[in-house]
Amino acid sequence: GWDSSKYLASEADGTTPVAQKAWAFIGRLWDRMKAADRVWRVLSVNPALQLVAIPGEGVPDHPRVQKTGRLTPNGVSRILSASRGLLLPSRYEGLSLVLLEALAAGVPVLVTRVGGHAYLEGRSIEGLVWLDRPDDSAEFSARLAEAERAYPIEARESRARHNQTILWTWDHCTKLLVDAIVSPPVT
């Protein structure tokens, strides 16, 4: 589930501002699961890519990379809301909470079909762009360009409203669990 109270808020919390042309990546450079090395390779061959790295630990200084340092959950949501989109080229993972939260905010996400991510395929979610060959920098760059064309920033609120009707909130998940406990299926 995603937390509906964190997204599409407008008041500032002191988070460093991010240009809307920057893509967000959440993870540390040495984290094999989050596959920062894939993002770094694309950054080295795609001169148009600008990146905001959350928290940016282990990421070398680069003129097109802004490192945020540690952020509160609200700070992360504000950076995501201000970014061009989220890069999530994970090698393995469950169903990433930040993936659900970004989509619920209408933020496009480039994502691999690993773990629970594949569950989202075919669910009419807007802004979900699959990376079929995440180690192929040319394909990764092509998907970035595709996402920028297909999911303009100006339509983010409309995407958010659409996605919020499809993605389960924590309240929905809790209700399903309580209903299952109170009224277990009859066998």
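Just so you know, we're using the numbering used here here: the sequence shown kicks off at 726 and counts up by one. Ideal Cβ positions, reconstructed from N, Cα and C, are used throughout, including at glycine. Small disclaimer: the values here were computed from a predicted structure and weren't measured.
Residue i versus residue j: straight-line alpha-carbon distance, rounded
i, j, result
"E736", "G800", "Unreliable placement is indicated for E736, whose pLDDT of 40 sits below 50; the coordinate value is still reported in the next sentence. Each residue's alpha carbon lies about 11 Å from the other."
"R766", "L824", "22 Å"
"H897", "H842", "19 Å"
"L845", "E851", "11 Å"
"N888", "D786", "35 Å"
"W755", "G781", "10 Å"
"F750", "S908", "42 Å"
"A870", "N771", "11 Å"
"S849", "T797", "31 Å"
"D861", "R763", "8 Å"
"L901", "W893", "10 Å"
"S806", "A885", "11 Å"
"R858", "I891", "27 Å"
"G847", "L853", "10 Å"
"M758", "A778", "16 Å"
"W895", "F865", "32 Å"
"G840", "L820", "6 Å"
"A760", "E826", "20 Å"
"T837", "L812", "9 Å"
"A948", "W748", "Only positions 726 to 912 of the chain appear in this structure, which leaves residue 948 out of reach."
Nearest residue (CA-CA) to residue i, options the options
i, options, result
"R795", "N771, G752, T899, N888", "G752"
"W855", "R868, Q775, S908", "R868"
"A863", "L768, L853, V839", "L768"
"P877", "R809, L902, L892, D860", "R809"
"K746", "I891, Q775, K759", "Q775"
"E873", "A761, A773, E826", "A773"
With 16 other Cβ atoms within 10 Å as the buried cut-off, status of residue i
i, result
"V784", "buried"
"T912", "exposed"
"I906", "exposed"
"P910", "exposed"
"V903", "exposed"
"T899", "exposed"
"R803", "buried"
"L828", "buried"
"L822", "exposed"
Contact test: residue i Cβ vs the ligand NAP heavy atom, cutoff 6 Å
i, result
"G831", "With respect to small molecules bound, the structure shown includes none, and the ligand NAP cannot be examined in it."
Residues bridged to residue i (per DSSP)
i, result
"G752", "P780"
"Q791", "V777"
"S747", "Reading off the sequence, residue 747 comes out as Ala, not Ser. Bridge partners of A747: Q775."
"W855", "V836"
"G714", "Past the edges of the chain, shown from 726 to 912, lies residue 714, and the structure says nothing about it."
Item to check | Given 8 Å, three or more beta-carbon pairs between the stretch 819 to 832 and the stretch 879 to 890 | outcome: yes
Checklist entry - Are the stretch 810 to 822 and the stretch 783 to 795 touching, with three or more C-beta to C-beta distances below 8 Å? => result no
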